[in-house]
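In what follows, a single structure is set out as structure tokens and then discussed.
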Amino acid sequence: MQKVLIITYYWPPAGGPGVQRWLKFVKYLRDFNVEPIVYVPENPDYPITDPSFLKDIPADVKVYKQPIAEPYRWAGSLFGKKTKRISSGIIRSENQSLTEGLLLWIRGNFFIPDARKFWVKPSVRFLAELLQKENIKTMVTTGPPHSVHLIGLGLRQQLDLRWVADFRDPWTSIGYHKKLKLTKASQRRHKQLEHTVLNDADAIVVTSGTTKKEFEALTKVPITVITNGYDGDISQETALDTRFTISHIGSLLSGRNPKNLWKALAELAAEHPEFKSALQLQLIGVVSDDVLESIRDAGLEGCTSVIGYVSHQEALAYQQGSQVLLLVEIDTGETKGIIPGKLFEYMAAKRPILGLGPKDWEVGDIIGQTNAGATFGYRADSDLKSLLLKWFQRYRQNGLEVSSKGIEAYSRRELTKKLATELLWA
Numbered sequence: 052m053q054k055v056l057i058i059t060y061y062w063p064p065a066g067g068p069g070v071q072r073w074l075k076f077v078k079y080l081r082d083f084n085v086e087p088i089v090y091v092p093e094n095p096d097y098p099i100t101d102p103s104f105l106k107d108i109p110a111d112v113k114v115y116k117q118p119i120a121e122p123y124r125w126a127g128s129l130f131g132k133k134t135k136r137i138s139s140g141i142i143r144s145e146n147q148s149l150t151e152g153l154l155l156w157i158r159g160n161f162f163i164p165d166a167r168k169f170w171v172k173p174s175v176r177f178l179a180e181l182l183q184k185e186n187i188k189t190m191v192t193t194g195p196p197h198s199v200h201l202i203g204l205g206l207r208q209q210l211d212l213r214w215v216a217d218f219r220d221p222w223t224s225i226g227y228h229k230k231l232k233l234t235k236a237s238q239r240r241h242k243q244l245e246h247t248v249l250n251d252a253d254a255i256v257v258t259s260g261t262t263k264k265e266f267e268a269l270t271k272v273p274i275t276v277i278t279n280g281y282d283g284d285i286s287q288e289t290a291l292d293t294r295f296t297i298s299h300i301g302s303l304l305s306g307r308n309p310k311n312l313w314k315a316l317a318e319l320a321a322e323h324p325e326f327k328s329a330l331q332l333q334l335i336g337v338v339s340d341d342v343l344e345s346i347r348d349a350g351l352e353g354c355t356s357v358i359g360y361v362s363h364q365e366a367l368a369y370q371q372g373s374q375v376l377l378l379v380e381i382d383t384g385e386t387k388g389i390i391p392g393k394l395f396e397y398m399a400a401k402r403p404i405l406g407l408g409p410k411d412w413e414v415g416d417i418i419g420q421t422n423a424g425a426t427f428g429y430r431a432d433s434d435l436k437s438l439l440l441k442w443f444q445r446y447r448q449n450g451l452e453v454s455s456k457g458i459e460a461y462s463r464r465e466l467t468k469k470l471a472t473e474l475l476w477a
């Protein structure tokens, strides 16, 4: 088998979507004659953990680890929850405290490209020897954190290697980048690093067509789109909720706040007593205070359940038991290429998906092509309300179903096949 070194920050027991992409690639790569060798931090400070992912690591895969200096851990001992929110991506736009503003300024201007930058030099030293010892000729770096790509850059400058740079999210165009209070010099530095990585790698992988188009303006290096996906063994025996449950699984950040949806639900509850008694808005994961305040203002607090973070297995059960699955993205042009990983598990759950996001959102194309639900803009009003009422009427008749098609192309095994045949063997 061809050996491939995979350099990633997120690895079990890390929780959340960031860990799943390369964990699942590693799970299936051997089916396509690729032997993965993984490099991860020894003592990471993950915002959330989920030990249930440990079972997906192939028993005999080699995993090398080296210590990492974690500024978030140091800051957490001083500033507590504020640091945890920032490291989780929960950046409040309104009512931001002086401490939060200071932490963001320090994070943005002293830790470029990110707070994991101190792992770069020791990793390059360690891996330069490991690559020669293991006779590895291909490496993959995956970010964010984009400092992982700087490890690949350092190794590329020393050794004759094939380098595939995987971007799960964009770098300088990601929404939260503007919230880091960057000076002009810091902005230039981010741009310089991004340009260098994009032009020194041999191949680039992105998760959306929008990111591909963006990067094509910055480099001539070939770019391949490989989305996230769902694992083929996730289905489980889960009964549908008896209430009209609309569930969102994952983080609802301050920018993901579809106020017109809360308004439509509140109006339907006021107009239809049976809708009000059956409605259950279920939020599984971290939810910002701004979103909770909007839900309270709409009068939906009594039918809203905030469950918090759960294990991946529990999240799958919530998905498959819900009547409707809610998918929300920030309403800006910068997010039209953001395709949340949970979309594909939503499709595998075969429950109607209600998406709310920006104009020309790629998610809308995927949901439309697979007939998996419906998507709306943030300003949707009567059309959104009409669909919710139609779905509710079908629910009352035990007929709320979805006839999706073509979702098999998004299985993790099929995506791994594409990765192996188009990139790692190239």
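To convert a position in the sequence shown, counted from 1, into this note's numbering, add 51. Beta carbons: idealized from backbone N, C-alpha and C, even for Gly. Owing to the predicted nature of the structure, the values given are computational and were not obtained by experimental measurement.
Buried is the label assigned to glycine 194, since at least 16 other Cβ atoms lie within 10 Å of its Cβ.
Of the candidates Pro164, Pro273, Val256, Ile255, the residue whose Cα lies closest to the Cα of glutamine 238 is Pro164. Only residues of its own chain outside the window of five on either side were considered, and among them Leu155, Trp156, Gly159 have a CB closer than 6 Å to the CB of lysine 232, listed in chain order. Ranked by how close their Cα comes to the Cα of proline 95, the residues Ile119, Lys106, Pro109 have Ile119 in first place.
If you draw a 10 Å sphere on the C-beta of alanine 290, you find fewer than 16 other C-beta atoms in it, and that means exposed. The three-state reading of DSSP puts threonine 192 in strand, counting E and B together.
The DSSP assignment places 310-322, 324-329 as complete runs of the alpha helix (DSSP H) inside the segment 266-333, in order along the chain (cut-off: 4 residues). In the structure shown, glutamine 448 falls within a coil segment according to DSSP collapsed to helix, strand and coil. When C-beta atoms of the segment 201-212 are compared with those of the segment 67-87, fewer than three pairs fall below 8 Å, so the two segments do not count as touching.
Taking valine 199 as the centre and dropping the five residues before and after it, the same chain places the C-beta of Ile58, Tyr60, Thr192 closer than 6 Å to its C-beta, in chain order. Secondary structure note for isoleucine 404: its beta strand (DSSP E) is the uninterrupted segment 404-407.
For glycine 424, the beta-bridge partners assigned by DSSP are Ile404. Here tryptophan 214 is bridged, per DSSP, to Met190. If you draw a 10 Å sphere on the C-beta of arginine 307, you find 16 or more other C-beta atoms in it, and that means buried. Beyond the five residues adjoining it in sequence on each side, phenylalanine 295 comes within less than 6 Å, by CB distance, of Ala329, Leu330, Gln374, Phe443, Tyr446 in the same chain, given in chain order.
Cβ-Cβ separation between arginine 463 and glycine 280: approximately 5 Å, consistent with a contact (criterion under 8 Å). Excluding residues up to 5 positions away in sequence, Leu319, His323, Phe326 lie with their Cβ nearer than 8 Å to the Cβ of leucine 440 in the same chain. For proline 92, there is no enclosing alpha helix (DSSP H); the enclosing beta strand (DSSP E) covers residues 85-92.
Relative to the Cα of lysine 54, the nearest Cα in the group Asn84, Gly69, Tyr79, Pro64 belongs to Asn84.
Counted as a single uninterrupted DSSP element, the beta strand (DSSP E) harbouring serine 356 occupies residues 355-357.
For glycine 457, the closest C-alpha among the options Leu435, Asp432, Met398 is that of Met398. One alpha carbon belongs to glutamate 352, the other to leucine 316, and they sit about 12 Å apart. In the DSSP assignment, leucine 343 falls within the alpha helix (DSSP H) that extends over 340-348. Contact annotation, aspartate 220 with valine 256: C-beta distance approximately 12 Å; criterion of less than 8 Å not satisfied. The alpha-carbon of asparagine 449 is positioned some 11 Å away from that of aspartate 292. One thing to note: proline 409 has its Cβ no nearer than 9 Å to the Cβ of glutamate 365. The segment 334-342 and the segment 238-255 do not touch, with fewer than three beta-carbon pairs separated by less than 8 Å.
Collapsing the DSSP output to three states places alanine 65 in a strand.
The beta carbon of tyrosine 97 sits closer than 6 Å to the beta carbons of Ala65 from its chain, once the five residues preceding and following it are set aside; these are given in chain order.
As a beta-bridge residue in DSSP terms, isoleucine 57 pairs with Val89, Val191.
Spatial neighbours of lysine 263 in its own chain (CB-CB distance under 7 Å, excluding positions within 5 residues in sequence) are listed in chain order as Val257, Ile274, Val276.
A straight line joining the alpha-carbon of glutamine 370 with that of proline 391 spans about 15 Å.
In the three-state scheme derived from DSSP, where H, G and I count as helix and E and B as strand, lysine 232 is classed as coil.
Phenylalanine 427 counts as buried, since no fewer than 16 other beta carbons sit within 10 angstroms of its beta carbon.
Taking 9 Å as the cut-off, the Cβ atoms of leucine 210 and tyrosine 115 do not count as close.
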